Structure formats: C-alpha cells, structure tokens
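Chemist: In the UniProt record's numbering, the protein residues as written are 1 to 206.
Here it is, written out as structure tokens:
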C-alpha cells in the first residue's frame with residue numbers, strides 16, 4: 001500500500017457546531033458521533049471519493065482530559081470550524097517516522113471498537129510546518145471509510161499555503177505518492193484549502 005491521503009480534518013470548538021457547519025456547507029449528512037477516550041476527543045465522519053473521508057473533530061469536555069496535548073492542537077483551538085489538518089496513510093509507520101521531520105512526534109497505538117491504528121502524534125500537539133505537514137497513520141484494521149455510505153463527495157485537490165513552500169515540498173518528498181492532488185503555494189499565512197465536489201456543486205473549504 002503506498003502513501004495516500006487518508007482523510008482531511010475539520011477542527012471545531014464545539015462538535016455539534018462543527019457538524020452543522022460542515023453539513024450545511026457540503027450538503028451532506030455526517031455519520032454518528034465517535035469518541036477517542038485516550039485523547040479526550042470526539043468526531044463525526046463522512047466519505048469522500050475516491051478513497052478518503054472528512055472528519056469533524058472537537059475536544060470532548062465531558063471526558064477526562066489527557067495528561068498530554070490532544071492531537072491536532074485541539075487544546076488551543078478557537079473560533080469558527082475550519083479545515084486544519086490532513087492525514088496520510090502509511091504502509092510502515094516506523095519507516096515514515098524516519099523519513100519525516102525530526103519534530104513530527106511519537107508513535108502511539110489506538111483502538112476504538114473494530115478499528116485499530118497507530119499514529120504519529122506530536123508531543124506539543126502541533127505538527128511540523130505550522131500544522132501543514134500531515135499527520136501519519138498506519139491502520140491495523142479496515143479503514144473507517146469502508147463502512148461509510150457514499151455521500152456524493154469527491155476530493156479534487158488540497159492546496160497548502162506556507163511561508164516556506166520549498167522547505168515543505170522537500171519534507172514531503174518521501175511521501176510523493178500521497179501528493180497527486182496536493183498543491184503547495186507561497187503565502188504569509190499557513191493554512192489548508194480543499195476543493196470538494198458536493199451534491200450541490202464545487203466548493204472550497206478552508
């Protein structure tokens with residue numbers, strides 16, 4: 001299995017608010033709520049063709065807060081829901097860790113119901129290149145996208161803006177198989193923007 005985009009992440013301060021915002025923008029319904037007890041987070045998912053999904057995620061303030069920063073820097077998230085991260089699936093996470101920037105994080109194992117995976121989680125909660133470098137994941141079970149109904153979404157491309165685009169391209173060069181639909185551009189402000197085909201037409205989500 002080559003490196004590939006596994007899913008895109010919409011962060012929210014409140015999960016229900018994030019879900020309603022994403023559903024209104026994309027004209028789709030997300031799946032049921034899921035929880036990550038080890039991280040104190042909760043989410044909703046929706047499938048995107050050809051083989052990825054979109055995740056709305058927020059801190060679960062009713063759950064026990066972990067002794068370490070939550071993934072995707074959710075401890076410090078504020079403002080309206082927005083696209084904040086992308087996740088790349090890896091065939092060998094140790095190899096990916098060796099190829100990634102030195103501050104990418106540590107390998108942790110997770111299980112939720114029938115799903116099992118390992119993921120590289122930054123110890124600060126913040127991924128390299130101002131969160132523009134992807135989170136890296138290795139599935140030890142079927143991927144959630146296989147259980148999600150086709151919602152009529154198609155991911156066309158992901159645009160990554162960063163003040164140091166050449167350095168980011170160099171850091172991503174070992175993962176070129178996941179870059180087919182990715183474009184990196186110069187910008188003073190780091191960020192992600194995704195073009196997605198929806199039942200109502202083409203939209204950009206940021």
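All C-beta atoms in this analysis are idealised placements derived from N, C-alpha and C, irrespective of residue type, glycine included. For clarity, every value in this text was computed on a predicted model and none was experimentally measured.
Tell me which same chain residues have a C-beta within less than 6 angstroms of the C-beta of residue 21, skipping the five on either side of it?
Modeler: Cβ within range, chain order: 81.
Chemist: Output the distance between the C-alpha atoms of residue 98 and residue 120, rounded to the nearest integer angstrom.
Modeler: 11 angstroms
Chemist: Excluding sequence positions up to five away, which residues of its chain have a Cβ less than 8 angstroms from the Cβ of residue 49?
Modeler: 150, 153, 154, 155
Chemist: My output table needs one value for residue 166: the three-state DSSP class, helix, strand or coil.
Modeler: helix
Chemist: Per DSSP, which one or two residues make a beta bridge with residue 36?
Modeler: 41
Chemist: Residue 195 bridges to which residues according to DSSP?
Modeler: 157, 204
Chemist: Quick test of your reading: residue 76 and residue 57, contact by CB under 8 angstroms. State the CB separation rounded to the nearest angstrom.
Modeler: Between residue 76 and residue 57 the beta-carbon gap is near 14 angstroms, outside 8 angstroms, which marks them as no contact.
Chemist: If you pair each beta-carbon of the segment 193 to 206 with each one of the segment 13 to 27, do three or more pairs fall below 8 angstroms?
Modeler: Enough Cβ pairs lie closer than 8 angstroms, so yes.
Chemist: If you follow the alpha helix (DSSP H) that residue 148 is part of, which residue opens it and which one closes it?
Modeler: First-last for residue 148: undefined, no H or E at that position.
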